[in-house]
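Residue numbers (the numbering used here): 78 to 628.
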């Protein structure tokens, strides 16, 4: 009897468990489970080259700029379209004579050490740049040395310019330094202090480690903007791109800061990586020395551009990492002119133009000549850049098909600048041009006064209408008027073709698939890949999203 009673209890228990299981199954089948971002987690990125000076006045390399973009803030920042928008400043006013800019600052910003940010910090930063002992970025001294800065109250600062200068606002993106930490440091010693390795800023991230080839940052709890989802950022330093790629394969890192065009195909084969492409606000061009007789005629310059298969160059040499450049600015930039004259690949049109200009192959040697002068020149580039060498070789082959002899030659970068560009002792040079500012001001590159000495009008282009437009573009502050001015300049440039625009480079960024919500848009420099960083996450948790009634 006892045995039967035990069997009966076991049976009841089994039936109960089965009933409970069926009930739970029925309920669970009506629930929708989803995954949502969870704060925390670490993102680790591989970069090439150690930081030099993490100080916005002294940046020495891309690593400095990458870290600095997370740590420091300026009075303003630049939107993806190149428009200046507020950051540490709430707003600004410009005097009727366009000389005085008065900034109202945010009063809720703190430095990473807890001290309040004030107008004194702004004034200190600018006066440091103006100091004769300043040894930082020379372009900063050139701009700021003639500008007066006045603190009107703890949260109001005024800059007074000697003359109207429309691009000025774009320079107020300069990262501001904490006066209370630097005020007793001699100017010449600023880049050598511990603060230039473990900086204190007002940005969303603060540095907690910078040693042994690792830079680690954590979110700044006092940041007044959007808080990041990630709990930590770490940058591991490597000696080369190849070392970074190998580190990813070993599982040491989750992101690759830059994938070079020649490596894109190889890296794209890694199934666990997402590749993000973004056009850069830069361009590659063939600079023509207009003092050379072979480039004197506009029809010849146009023929050279018609004779280039720029899409083919991008596809075959750059692995697709470029966008054909018909003008200086990306289509996303506010100053972009959509109606410029374009030069699609048309070798027949190129041959026709050269024939009409009197350049013909009289002796059947494959090279055109005119008045006994062959259409032949040397095409230079940077010896240290294999991609540039591949480009000039392919450009030479393409021009040979229309009867133009371009002899490719590579020299060291320092020699290219000192021995050829500055003394204007060259025929043609393939150059990468990075815009110094998101402002469309091109005065230093194309105004006729910049054709000598330290000027960067390497081509020697002198055109009265172009000069007038470039001067007016610097003088007029009205946004719409400036857009019209620079559209007119771009249209003139495309008509005259003083040099040959080839392409805008495309920046490629690789991030492991476990990192979510990464977005990369048009960039002025690679550090802007972190624009969407507050939304990135690696941790998730399961939640019940909905429950539907059981029928």
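Glycine included, C-beta positions come from ideal geometry on N, C-alpha and C.
DSSP places residue 168 within a strand segment (E or B) once states are collapsed to three. One Cα belongs to residue 223, the other to residue 215, and the distance between them is close to 14 Å. Residue 111 is positioned such that its CB atom lies no closer than 8 Å to that of residue 341. For residue 282, the uninterrupted beta strand (DSSP E) run begins and ends at 282 to 288, by DSSP. Here DSSP, grouped into helix, strand and coil, assigns residue 413 to coil. For the 8 Å CB-CB criterion, residue 567 and residue 404 form a contact. Excluding the 5 residues flanking it on each side, residue 453 has same chain C-beta neighbours closer than 8 Å at 371, 444, 481, 482, 483 and 484, in chain order.
Within the stretch 335 to 421, the complete alpha helix (DSSP H) segments of 4 residues or longer fall at 341 to 345, 375 to 383 and 387 to 393, listed in chain order.
In the DSSP assignment, residue 569 falls within the unbroken alpha helix (DSSP H) covering 556 to 573.
Taking residue 506 as the centre and dropping the five residues before and after it, the same chain places the C-beta of 364 and 457 closer than 6 Å to its C-beta, in chain order. Note on geometry: alpha-carbon atoms of residue 525 and residue 576 lie some 14 Å from one another.
As far as DSSP is concerned, residue 449 takes part in no beta bridge.
C-alpha of residue 254 to C-alpha of residue 422: approximately 50 Å in a straight line. Contact annotation: residue 565 and residue 146 have beta-carbon atoms that are not nearer than 8 Å. Excluding residues up to 5 positions away in sequence, 164, 165, 279 and 280 lie with their Cβ nearer than 6 Å to the Cβ of residue 150 in the same chain. Shown here, residue 482 sits in a strand according to DSSP, grouped into three states. Cβ neighbours of residue 510 within its own chain (closer than 8 Å, five residues either side excluded): 359, 360, 361, 362 and 522. The alpha-carbon separation between residue 536 and residue 389 amounts to approximately 25 Å.
The beta carbon of residue 369 sits closer than 6 Å to those of 504, all from its chain and outside the five residues before and after it, given in chain order. Close CB contacts of residue 395 within its chain, under the 6 Å cut and outside five residues either way in sequence, are with 338 (chain order). Within the stretch 129 to 193, complete beta strand (DSSP E) segments of at least 3 residues are found at 153 to 155, 161 to 163, 166 to 171 and 177 to 182, given in chain order.
When C-alpha distances from residue 592 are compared across 234, 514, 181 and 609, the shortest belongs to 609. Looking at the backbone, the Cα of residue 419 and that of residue 571 are separated by about 7 Å.
With 16 or more other Cβ atoms inside 10 Å of its own Cβ, residue 399 counts as buried. The C-alpha of residue 375 is placed about 36 Å away from the C-alpha of residue 248.
Per DSSP, residue 580 is one residue of the beta strand (DSSP E) stretching across 577 to 589. Setting aside the 5 residues that flank it on each side, residue 542 is surrounded in the same chain by 569, each with a C-beta closer than 8 Å to its C-beta; the list follows chain order.
The three-state reading of DSSP puts residue 552 in helix, counting H, G and I together. DSSP places residue 534 outside both helix and strand once states are collapsed to three, so it counts as coil. Following the DSSP letters along the chain, one finds residue 198 inside the alpha helix (DSSP H) bounded by residues 196 to 207.
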